[in-house]
Amino acid sequence: FMVDKGNRRHFMEKEIHEQPEVISHTLANYLDFVGGVSKPLDLPFDFAKIDRLAISACGTAYLAGLIGKYWFERYARLPVDIDVASEFRYREMPLSANDAAFFISQSGETADTLASLRYCRKAGMKIGALVNVRESTMARESDVVLPTLAGPEIGVASTKAFTCQLSVLASLAVRAGVARGTISREQEKTFVRELSEAPRYANQVLKLDHQIEKIARDLAHYKNVLYLGRDTNFPLAMEGALKLKEISYIHAEGYAAGELKHGPIALIDENMPVIVIAPHDRIFEKTVSNMQEVAARGGKIILITDSKGAALASVKTMETIVLPDVPEIISPIIYALPIQMLAYFTAVFMGTDVDQPRNLAKSVTVE
Ligand code: AGP
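Those letters in the sequence shown? Residues 241 to 607, by full-length UniProt numbering.
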């Protein structure tokens, strides 16, 4: 069927704005909001009986998987191996037929991810495919399809598929935690309620577009940008950098904030904006000291945080984007939005072809 941009300038902009709705659809596929429970899934394996979960994917889907690792390990105490698919398929890791493997892909056709899927199938593993395209090869070749209900994503830069992948992974982590006895009935209810609030918070964040557009106007003047975050904000830092480089062609790197001292700090000067993704979480204070190190070297900080974080960050920032205070489990879903918007507006100011950036294909079907 026909997909058009509606009244938006680009598909990417439209897809960013669709997120509250598609996140809601996706979550409703996995969670019973009324009953406060995660829905039973027809899985070919039992979360309680596997020792490990292997996840592989490429690009943005890989970064969703990396956030999934934090969730499965934290909430379900289920160890996760996560690899970019192009490494996974060749690095000869030991695989057990008793374990499960998840493959994450918007298109369901990415060559390396598909090859990894087939490699795990050969090893006798149970296969789950988190795909957005239901009629894709990965969907056909898996034991269970765990769909993202993002609808067609046209912009080469993945936005709504990413937050829907996160929605599925968070829901599955809750399900796994219940199965493995690490999440009580009470906690499950709380998680389901918190997840159900994600679309509402996402809507609030979209309203920050004027501030984010203004920041992007400045950002477009720089040649390099560094993104920092800890915990689930580390993969988000890498996603922010990936998004910025692919559509604005500005060089960007995403680092774990704790790694700053181990190399990237050498780059910091007044020509280096540093985007710090730091809600007021369990390790916020650690990130504040990283910001102080950046500030002391003249680096320009753009802080993405919540109201508590903004009040407690004892450092001078160039800009602070204040998001609503959100529960920990939905934080990566909500914090994905400002980094997408920042990349989008920066690319618009750079005058690039936002939906079809040079050298890139929407679906990479060759190795
Ligand atoms: C994301 O913005 C990229 N264009 C790219 O990294 C993409 O996520 C990757 O190629 C994976 O594609 P898939 O989800 O269709 O497998």
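Note that CB positions come from ideal geometry on N, CA and C, so glycine has one too.
Short CB-CB distance (under 8 Å) between residue i and chain B
i, result
"Ile344", "Protein chain content of the structure displayed is limited to a single chain, and chain B is not contained in it."
C-alpha gap between residue i and residue j, whole angstroms
i, j, result
"Ile249", "Tyr584", "What sits at residue 249 in the sequence shown is Arg, not Ile. Between Arg249 and Tyr584, the C-alpha separation is close to 11 Å."
"Ile295", "Ser356", "10 Å"
"Ile505", "Val534", "7 Å"
"Glu607", "Val324", "13 Å"
"Ile367", "Arg358", "9 Å"
"Gly299", "Glu332", "21 Å"
"Arg361", "Ile515", "40 Å"
"Asp321", "Leu293", "6 Å"
"Thr430", "Met590", "43 Å"
"Ile455", "Ala337", "50 Å"
"Gly498", "Glu313", "20 Å"
"residue 231", "Val594", "Limits of the chain in this structure are 241 at one end and 607 at the other, which puts residue 231 out of reach."
"Asn443", "Pro475", "22 Å"
"Arg598", "Thr592", "9 Å"
"Asp339", "Ile452", "43 Å"
Proximity to residue i [Cα-Cα], best of the options
i, options, result
"Met581", "Leu552, Asp509, Ile569, Leu459", "Leu459"
"Pro567", "Arg433, Asp471, Met590", "Arg433"
"Arg317", "Gly368, Thr586, Ile423, Pro513", "Ile423"
"Ile256", "Leu335, Lys429, Lys602, Ile573", "Ile573"
"Ile394", "Val606, Glu607, Gln596, Thr605", "Gln596"
"Thr560", "Ile570, Lys548, Ile569, Ser571", "Lys548"
"Glu525", "Ala550, Ile515, Ile579, Asp509", "Ala550"
"Ser488", "Arg457, Pro475, Glu510, Ala496", "Arg457"
"Arg522", "Arg470, Cys404, Pro578, Arg415", "Arg470"
"Arg420", "Tyr495, Glu479, Asp286, Ile263", "Asp286"
"Thr557", "Pro578, Asp565, Val528, Gly364", "Val528"
"Gly416", "Asn530, Glu253, Pro319, His265", "Reading off the sequence shown, one finds Ala at residue 416, where the question assumed Gly. Ranking Asn530, Glu253, Pro319, His265 by Cα distance to Ala416 puts Pro319 first."
"Thr266", "Gly391, Ile569, Met512, Glu510", "Gly391"
"Lys540", "Leu507, Ser571, Met478, His520", "Leu507"
Assumed close pair residue i, residue j - CB separation to whole angstroms, cut-off 8 Å
i, j, result
"Leu500", "Leu468", "7 Å"
"Asn269", "Leu389", "6 Å"
"Ala363", "Ser382", "In fact, because the Cβ distance is near 14 Å, the residues do not count as touching under 8 Å."
"Lys485", "His491", "6 Å"
"Thr353", "Phe343", "5 Å"
Is there contact between the region 446-453 and the region 268-285, where contact requires at least three CB pairs shorter than 8 Å? Fewer than three Cβ pairs drawn from the region 446-453 and the region 268-285 lie within less than 8 Å of each other, which leaves the two stretches out of contact.
Are the region 367-379 and the region 336-356 touching, with three or more C-beta to C-beta distances below 8 Å? They touch, by the three-pair rule.
Which whole runs of the beta strand (DSSP E) in the UniProt domain "SIS" (455-597) are 3 residues long or more, in chain order? 464-469, 491-496, 513-517, 540-546, 559-563, all fully within the UniProt domain "SIS" (455-597).
Would you check if there are 3 or more beta carbon pairs closer than 8 Å linking the region 392-412 to the region 526-546? In short, these stretches do not touch, since the Cβ pair count stays below three.
contact_flag[the region 261-278, the region 461-468] where n(CB pairs < 8 Å) is 3 or more: The region 261-278, when compared against the region 461-468, does not touch it at the 8 Å Cβ threshold.
Where are the alpha helix (DSSP H) runs, 4 residues long or more, that stay fully inside the UniProt domain "SIS" (283-422), in chain order? Within the UniProt domain "SIS" (283-422), the alpha helix (DSSP H) runs of at least 4 residues that lie entirely inside it are, in chain order, 299-316, 325-328, 351-362, 377-380, 400-419.
At a cut of 8 Å, does the region 259-266 reach the region 399-408 through at least three beta carbon pairs? Touching, yes.
Does the region 298-308 come into contact with the region 428-444, if we say contact requires no fewer than three beta-carbon pairs (one atom in each stretch) closer than 8 Å? With a cut-off of 8 Å on Cβ pairs, the region 298-308 is not in contact with the region 428-444, counting fewer than three such pairs.
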